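First up is the structure itself, then whatever we jot down about it.
2 protein chains.
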Amino acid sequence: MTFNRDYINVGIVGAGTVGGGTIRVLAENADVIATRALPVKIKWLAEKDLQRGQAILDELGLKDTKLTGNWRDLVEDPDNDIVVELIGGTGLAFDVIAAALSAGKSACTANKDLMATRGGELLAIAAEHHADLFFEAAVAGGIPIITSLKENLTANRFNEVMGIVNGTTNFILTKMSESGADFASTLKEAQDLGYAEADPTADVEGIDAARKMAILASICFNSRVTLDQVYHEGITHITNWDTAYAHDLGYEIKMVGLCRLDDGMIDVRVHPLLLPKSHPLASVRDSYNAIYVDCDALEKAMFYGRGAGALPTGSAVAGDVVTAARNIVNGCQGRVGCTCRLHIPVRDINDTVSQYFVRLEVLDQVGVFASLADQLAAAGVSMNSLLQKRALADGRTDIVIITHPTRHSDLLQALDSIAQLPCVVAVGDPIRVHNG
Amino acid sequence: MTFNRDYINVGIVGAGTVGGGTIRVLAENADVIATRALPVKIKWLAEKDLQRGQAILDELGLKDTKLTGNWRDLVEDPDNDIVVELIGGTGLAFDVIAAALSAGKSACTANKDLMATRGGELLAIAAEHHADLFFEAAVAGGIPIITSLKENLTANRFNEVMGIVNGTTNFILTKMSESGADFASTLKEAQDLGYAEADPTADVEGIDAARKMAILASICFNSRVTLDQVYHEGITHITNWDTAYAHDLGYEIKMVGLCRLDDGMIDVRVHPLLLPKSHPLASVRDSYNAIYVDCDALEKAMFYGRGAGALPTGSAVAGDVVTAARNIVNGCQGRVGCTCRLHIPVRDINDTVSQYFVRLEVLDQVGVFASLADQLAAAGVSMNSLLQKRALADGRTDIVIITHPTRHSDLLQALDSIAQLPCVVAVGDPIRVHNG
Chain A
13 MTFNRDYINV GIVGAGTVGG GTIRVLAENA DVIATRALPV KIKWLAEKDL QRGQAILDEL
73 GLKDTKLTGN WRDLVEDPDN DIVVELIGGT GLAFDVIAAA LSAGKSACTA NKDLMATRGG
133 ELLAIAAEHH ADLFFEAAVA GGIPIITSLK ENLTANRFNE VMGIVNGTTN FILTKMSESG
193 ADFASTLKEA QDLGYAEADP TADVEGIDAA RKMAILASIC FNSRVTLDQV YHEGITHITN
253 WDTAYAHDLG YEIKMVGLCR LDDGMIDVRV HPLLLPKSHP LASVRDSYNA IYVDCDALEK
313 AMFYGRGAGA LPTGSAVAGD VVTAARNIVN GCQGRVGCTC RLHIPVRDIN DTVSQYFVRL
373 EVLDQVGVFA SLADQLAAAG VSMNSLLQKR ALADGRTDIV IITHPTRHSD LLQALDSIAQ
433 LPCVVAVGDP IRVHNG
Chain B
13 MTFNRDYINV GIVGAGTVGG GTIRVLAENA DVIATRALPV KIKWLAEKDL QRGQAILDEL
73 GLKDTKLTGN WRDLVEDPDN DIVVELIGGT GLAFDVIAAA LSAGKSACTA NKDLMATRGG
133 ELLAIAAEHH ADLFFEAAVA GGIPIITSLK ENLTANRFNE VMGIVNGTTN FILTKMSESG
193 ADFASTLKEA QDLGYAEADP TADVEGIDAA RKMAILASIC FNSRVTLDQV YHEGITHITN
253 WDTAYAHDLG YEIKMVGLCR LDDGMIDVRV HPLLLPKSHP LASVRDSYNA IYVDCDALEK
313 AMFYGRGAGA LPTGSAVAGD VVTAARNIVN GCQGRVGCTC RLHIPVRDIN DTVSQYFVRL
373 EVLDQVGVFA SLADQLAAAG VSMNSLLQKR ALADGRTDIV IITHPTRHSD LLQALDSIAQ
433 LPCVVAVGDP IRVHNG
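Protein chains in written order, with this note's numbering: chain A, 13 to 448; chain B, 13 to 448.
Next up, the structure:
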């Protein structure tokens, strides 16, 4: 089927934050897109809230764009070439993309939740119908990490990919690090500034980041990883004492997603991590995102930018729309589809190995160190360093331990034993440490 | 013409550093390339030094690769799909690529010198023959900046692109900044370590960086910029006192290439630049490269990694080979070709506007400041700050001025006048300052 128009028609589903940003980028930069590729016309906008939809069309002077409350209009229009799903969620969004692909149209989405849970299904539908499904905006917003991994870095074996892929938690941890404030008050500040949602669970518990790591791990290791396979641990237990001790030891605490291939299994997880201050990710501040890639040919590289927001996310979606348009006019839809052609198991979190930072509150008395050392040794945990303490009230003191690389289950067992020692008042939640 | 093999044949011309790295990446990672795209076989290696060519084929166990001293063998073989030019220079390299494209083969190159001078000609030949010409490795080695700008960020208007795109000068300036050593001894150290060539002219005078900025400016503004249009100024005049004063003022001195659209003209240049320490480019150390992009939708982003070296550059070339291969099997060669569809003039360096850092050695006597201020005012240069001094021998002292934004020609005129003042012993070469 030869394409015989000199422009592309696109239909957008959803005029919320990202939908609005995408429409704005496509409309306001229509001239540069036409110069660099070909004209892209927004033929349709599907939005249940017709008033909201009309308002953005009016604001941008999009008089020729048809507004509808029914997304099926976009799929059923034979002259509409691309459907852009920006409503979010995993239900209706799936139906929209599946219907578009099944009709042979290309689809673009920013939906990390959907791609991390049902991405494999959708990419199979795309392949079946020789259509494109692009989702660059689903990971790290405007940063072109998916294309870079799937295309430019495709000749590399990936050793490890680490990312600050959630702006909310990076904003909170940056503020905690710089002000010394505690988690609760910093979360409140983030909410007041619009950096955290009223219900911050998906961000602060690491679910949002886990979605993105499922997508990145799938791409890096060519094996489908889904959200339920990604261990995630939140930042709610990070105290300002953790932050202060981390600084004393030369580290910043960051919320990091990582994936690596470890002994034939995929190790993928999201959790707070102590990073040496010299690590490029350690200086990524505020709500910025960054992905740090360690691979065998390119060696080390970092991609840094805005991971959220209407226009940065709209930049990525609009880029995908142009890529889809270029494929349509060149008749090469499906040129780079799903690359998950292997079946590699995911390592259980209990079997992963990390260094850990552990903060203990103990009674400041003779024999405490020996008791701790005995319990750690019994569980097979060896100490890299036993570091510092602050005097507390009532004859108590803080001790900070950094372990050598330790199996997760061994660490938990050691901390259980330690918690039962009479000299131990409290055991802080352990935080992993990255040295390398 | 439908492609009917289930693998791609590639021929490499040149087995030097980058050629060797590319062959190594394609050979050692052949399995991951086959998993992600399709098998890519190195069918030919053309290398005048047959012994060198044979040595690398032997080392990598490439028994099926044909070695030849004549690159035309690769072009004339109807079963060879892609020709990779890695011999450098602008003469024979041009002939190789032009012949390959004219034969309908796709071509890949890492040749910044060629692309910055004759890229337009070659891309026209590619378009004429419906073939691909890729050159991701020509700018910033393994960092995928060209693809990111041409494809993912294609819906953005670029405000400014600034890059540390020469590893040698960044290595030298990093060492000078961290050790306080002078330029000459640091260059010697860089040469001993293999970071600078015996004849360092192209690097330290900014010619290498200017080639890369010609390519980036062409892409960003969709108008062909050639090497001769890029103003470049070297780092040989940077003294350890400049470095020390810059630190005192909160800056790092970096060798930066930049391009921007200024009042309907392209402003593109390479020179040392004082960057605030908080700027992401200021912390790019040693021989690393980074490109900082400021654009209207994505806002600010940075791409960081290895800008040179056999394997990082080989990573980019091999990525291009896979892109070319994907286009061939999908019958979409020329999918993204030359995007220089406009004709925008380049601004004369005399008409560019910058803030400047100027170090003056003056006699420490009454009325000096007034004399300086008079001369600056007469030339239309206003001072942002007049900052500090060290006492020197013989009643002399240093003064450091940072100007407000000033036309280049106005600054030069002011410095000429100042140099003639009786109280002025010496005028240091001005260095531009970036605040923003």
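Note that beta-carbon positions come from the ideal geometry of N, C-alpha and C, so glycine has one too. This structure is a prediction, so every number in the text was calculated from the model and none was measured.
Margin query: Going by DSSP in three states, PHE170/B sits in which element: helix, strand or coil?
Written below: Per DSSP, reduced to three states, the secondary structure at PHE170/B is strand.
Notebook entry, point to check: Roughly how many angstroms lie between the CA atoms of LEU69/B and GLN241/A, to the nearest whole one?
Noted result: Their backbone Cα atoms lie some 42 Å apart in a straight line.
Check: For the region 308-327 of chain A, which residues have a CB atom closer than 8 Å to at least one CB atom of chain B, in sequence order?
Finding: For the region 308-327 of chain A, which is checked against every Cβ of chain B, the residues closer than 8 Å are ASP308, ALA309, LEU310, GLU311, LYS312, ALA313, MET314, PHE315, TYR316, GLY317, ARG318, GLY321, LEU323, PRO324, GLY326 and SER327.
Item checked: Rounded straight-line distance, which links the Cα of GLU264/A to that of TYR257/A -> Roughly 10 Å separates the two Cα atoms.
Next item on the list: Using the DSSP secondary-structure output, state which residues sit across from MET395/B in a beta bridge.
Entry: DSSP output for MET395/B lists THR415/B as bridge partner(s).
Check: Do you know whose CA, among MET267/B, THR213/B, THR166/B and ALA320/B, lies nearest ASP332/A's CA?
Finding: Taking only the C-alpha atoms, the option nearest ASP332/A is THR166/B.
Check: List, in order along the chain, the chain A residues whose C-beta lies closer than 8 Å to that of CYS344/B?
Finding: By Cβ distance, chain A contributes ASN339, ASN342, GLY343, CYS344 and ARG347.
Note to self: Between the alpha carbons of LEU126/A and SER299/B, how many angstroms are there, rounded?
What the structure shows: Each residue's alpha carbon lies about 40 Å from the other.
Next item on the list: Let me know if HIS291/A comes out buried or exposed under the rule of 16 or more other beta-carbons within 10 Å of its beta-carbon.
Entry: Per the 10 Å Cβ criterion, buried.
Notebook entry, point to check: In whole angstroms, what is the alpha-carbon distance linking LYS75/B and ALA336/B?
Noted result: Approximately 24 Å, taken between the alpha carbons.
Notebook entry, point to check: Since ASN41/B meets chain A, which of its residues come closer than 8 Å, beta carbon to beta carbon?
Noted result: Going along chain A in sequence order, the residues near ASN41/B (Cβ under 8 Å) are ALA167, ASN168, ARG169, ASP308 and ALA309.
Margin query: Counting only C-beta atoms, is ALA150/B closer than 8 Å to chain A at any point?
Written below: At a cut-off of 8 Å, the C-beta of ALA150/B has no neighbouring C-beta in chain A.
Check: On the three-state DSSP scale, how would you describe HIS283/A?
Finding: It is a strand residue.
Notebook entry, point to check: By DSSP, does ARG408/A sit in helix, in strand, or in coil?
Noted result: Correct three-state label for ARG408/A: strand.
Item checked: Nearest residue (CA-CA) to SER160/B, options MET314/B, ASP441/B and CYS344/B -> Shortest Cα-Cα distance from SER160/B to any of MET314/B, ASP441/B and CYS344/B involves MET314/B.
Next item on the list: Excluding the 5 residues preceding and the 5 following LYS53/B in the sequence, name in chain order all residues of the same chain whose CB lies nearer than 6 Å to its CB.
Entry: Excluding sequence positions up to five before and after LYS53/B, its CB lies within less than 6 Å of the CB of TYR19 and ASN21, all in the same chain and listed in chain order.
Notebook entry, point to check: Three or more beta-carbon pairs under 8 Å between the region 44-64 of chain B and the region 78-85 of chain B, yes or no?
Noted result: Result yes; three or more Cβ-Cβ pairs closer than 8 Å.
Next item on the list: Decide if PRO442/B is buried, meaning its Cβ has at least 16 other Cβ atoms within 10 Å, or exposed.
Entry: Within 10 angstroms of the beta-carbon of PRO442/B lie 16 or more other beta-carbons, which makes it buried.
Notebook entry, point to check: Alpha carbon to alpha carbon, what distance is there between LEU423/B and SER457/B?
Noted result: There is no way to answer for residue 457/B, as the model of chain B reaches only from 13 to 448.
Next item on the list: Apply the 10 Å Cβ neighbour rule to SER235/B and answer buried if 16 or more other Cβ atoms are within range, or exposed otherwise.
Entry: It counts as buried.
Item checked: Distance between beta carbons of THR409/A and ASP363/A, contact taken as under 8 Å -> Contact doesn't hold; Cβ gap of about 34 Å is too wide.
Notebook entry, point to check: Thinking C-alpha only, which one of SER295/A, PHE15/A and ASP220/A is nearest ARG281/A?
Noted result: Closest by alpha carbon: ASP220/A.
Checklist line | Where the alpha helix (DSSP H) containing ASN182/A begins and where it ends | finding: Per DSSP, ASN182/A belongs to the alpha helix (DSSP H) from 179-191.
Notebook entry, point to check: Counting only beta-carbon atoms, is VAL177/A nearer than 8 Å to chain B?
Noted result: Not closer than 8 Å to any Cβ of chain B, the Cβ of VAL177/A fails to qualify, so no.
Notebook entry, point to check: What residues from chain B crowd round THR492/A, counting only those whose CB sits closer than 8 Å?
Noted result: The structure shown has nothing for residue 492/A, since chain A only spans 13 to 448.
Check: For THR181/B versus ASP211/B, is the C-beta distance shorter than 8 Å?
Finding: Not closer than 8 Å, so no.
Notebook entry, point to check: Can the beta-carbon of ALA330/B be found closer than 8 Å to that of LEU79/B?
Noted result: No. Outside cutoff.
Note to self: Can you tell me which residues form a DSSP beta bridge with GLU97/A?
What the structure shows: Looking at the DSSP output, GLU97/A bridges to VAL25/A and THR121/A.
Note to self: Rounded to the nearest angstrom, what separates LEU50/B and CYS352/A at their Cα positions?
What the structure shows: LEU50/B and CYS352/A: Cα-Cα distance of roughly 13 Å.
Item checked: Boundaries of the alpha helix (DSSP H) in which VAL6/A is found, first to last residue -> Nothing about residue 6/A can be read from this structure; chain A reaches only from 13 to 448.
Notebook entry, point to check: Which runs of the beta strand (DSSP E), 3 residues or longer, sit entirely within the region 254-307 of chain A?
Noted result: Counting only unbroken stretches of 3 or more residues, the beta strand (DSSP E) elements lying wholly within the region 254-307 of chain A are 263-274, 277-288 and 300-307, in sequence order.
Checklist line | Pick from ILE35/A, VAL87/A, VAL348/A and VAL177/A that is closest to GLN66/A, judged by C-alpha positions | finding: It is ILE35/A whose Cα lies nearest to the Cα of GLN66/A.
Notebook entry, point to check: Is it true that the region 314-328 of chain B meets the region 301-313 of chain A, where meeting means three or more beta-carbon pairs spaced less than 8 Å apart?
Noted result: Result yes; three or more Cβ-Cβ pairs closer than 8 Å.
Notebook entry, point to check: Within the 8 Å Cβ cut-off, does LEU57/B reach chain A?
Noted result: Taking 8 Å as the threshold, the shortest C-beta distance from LEU57/B to chain A does not fall below it.
Next item on the list: Check whether the Cβ atoms of THR415/A and VAL380/A lie closer than 8 Å to each other.
Entry: No, the pair does not count as a contact, with Cβ atoms beyond the cut-off.
Item checked: Chain-order list of residues whose beta-carbon lies under 7 Å from that of LEU62/A (same chain, five-residue window excluded) -> Once the five neighbours on either side are set aside, the close Cβ partners of LEU62/A are LEU79 and GLY81.
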